[in-house]
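Novice: My structure is below; once you've seen it, I'll send some questions.
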Amino acid sequence: MAKPKIKGKKDSAGGAHSHIRARINYLYNAATFLQSVATPHSQQQIDKTGQKESDIVMQASSHIVPQLANSERVSEKVPAGLGTPAPTEHLPQLSRVYLSQMRGVSLKTQLRLPVDVKRSFCKRCDARLIPGVTCMQEIQNASRGRKKPWADVLVVRCSTCGTEKRFPQAEKRSKKLSDRRKEIPQRPREKPTVGA
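Read in order, the letters of the sequence shown are residues 1 to 196 in full-length UniProt numbering.
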């Protein structure tokens, strides 16, 4: 007899939700790419008013609601190849839209996001958190004189909306139950005495 197939399991192709995980991965990679294109790391040119180009991009990207294209703007498209650079002012909003869709897909399908993905975007404004560009990171220790190393907390502050995320930096204090059981010495069981 053949083994009955278990519902929800597929072959070794990736599992029951492989297409959903692929969609989540695509949305995350697209949002990361759009954010990296919108914020050039190496070039910071200062224009005539004295503002850096990255400051202008950040001011343009401070709107949380994505902007939709007008039908007049769409009809006035310039043909490609004329040497005009593509506008990058709307890319952070598009990146936020993709991250918002990624969160929505994971919530609706009840699939957990990996920890590194979950910590890489702001939960309030869906901005991709890039240290030094779209967020500021610092390690705080609230203990007296910073003497307790297990009290270190990484604080990530979003520069778009100002939301703070706090992550403890010390190792977990409590051990797993299996590790605690290994440490407890096994006592030999006493045989019950039969009394007559």
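Backbone N, C-alpha and C define an ideal beta-carbon position, used for all residues, glycine too.
Please report the straight-line C-alpha distance between Arg25 and Lys165, rounded to a whole angstrom.
Specialist: Residue mapping note: residue 25 aligns to position 25 of the sequence shown, counting from 1. Residue mapping note: residue 165 aligns to position 165 of the sequence shown, counting from 1. Contrary to the premise, residue 25 reads as Asn rather than Arg in this sequence. Their backbone Cα atoms lie some 23 Å apart in a straight line.
Novice: With distance defined between alpha-carbon atoms, name the residue in Lys123, Asp152, His90 nearest to Gly104.
Specialist: Indexing the sequence shown from 1 puts residue 104 at position 104. It is Lys123.
Novice: Using C-beta distances below 7 Å, list every residue in its chain close to Phe121, excluding the 5 sequence neighbours before and after it, in chain order.
Specialist: Position 121 of the sequence shown, counted from the first residue, corresponds to residue 121. Hits under 7 Å: Leu99, Ala127, Arg128, Leu129.
Novice: Helix, strand or coil for Arg112? Go by DSSP, reduced to three states.
Specialist: Taking the first residue of the sequence shown as position 1, residue 112 is located at position 112. In this structure, Arg112 counts as coil in the three-state DSSP scheme.
Novice: Closer than 6 Å by C-beta to Trp150: which residues in its own chain qualify, once you throw out the five before and the five after it? Chain order, please.
Specialist: The residue given as residue 150 occupies position 150 in the sequence shown. Contacts found: Ala170.
Novice: Using the Cα positions of Leu154 and Met102, report the straight-line distance between them to the nearest angstrom.
Specialist: As a first step, residue 154 must be located in the sequence shown, where it is residue number 154. As a first step, residue 102 must be located in the sequence shown, where it is residue number 102. Each residue's alpha carbon lies about 25 Å from the other.
Novice: Can you give me the Cβ contacts of Arg23 inside the same chain, cut-off strictly under 7 Å, excluding the 5 residues immediately before and after it?
Specialist: The residue you call residue 23 lines up with position 23 of the sequence shown. Contacts found: Val105.
Novice: What residue range is occupied by the uninterrupted beta strand (DSSP E) comprising Val156?
Specialist: Counting from one through the sequence shown, the residue named residue 156 turns up at place 156. Unbroken beta strand (DSSP E) run through Val156: 152 to 158.
Novice: Rounded to a whole number of angstroms, what is the C-alpha to C-alpha distance between Arg146 and Leu113?
Specialist: Numbered from its first residue, the sequence shown carries residue 146 at position 146. Numbered from its first residue, the sequence shown carries residue 113 at position 113. Roughly 33 Å separates the two Cα atoms.
Novice: Please report the straight-line C-alpha distance between His90 and Ser143, rounded to a whole angstrom.
Specialist: As a working mapping, residue 90 is identified with position 90 in the sequence shown. As a working mapping, residue 143 is identified with position 143 in the sequence shown. Approximately 43 Å, taken between the alpha carbons.
Novice: What is the DSSP secondary structure of residue 203, reduced to helix, strand or coil?
Specialist: Because the chain here runs from 1 to 196, residue 203 falls outside it and cannot be looked at.
Novice: Can you give me the start and stop residues for the alpha helix (DSSP H) that Phe121 sits inside?
Specialist: As a working mapping, residue 121 is identified with position 121 in the sequence shown. Looking at the DSSP string, Phe121 is not in any alpha helix (DSSP H), and its letter there is neither H nor E.
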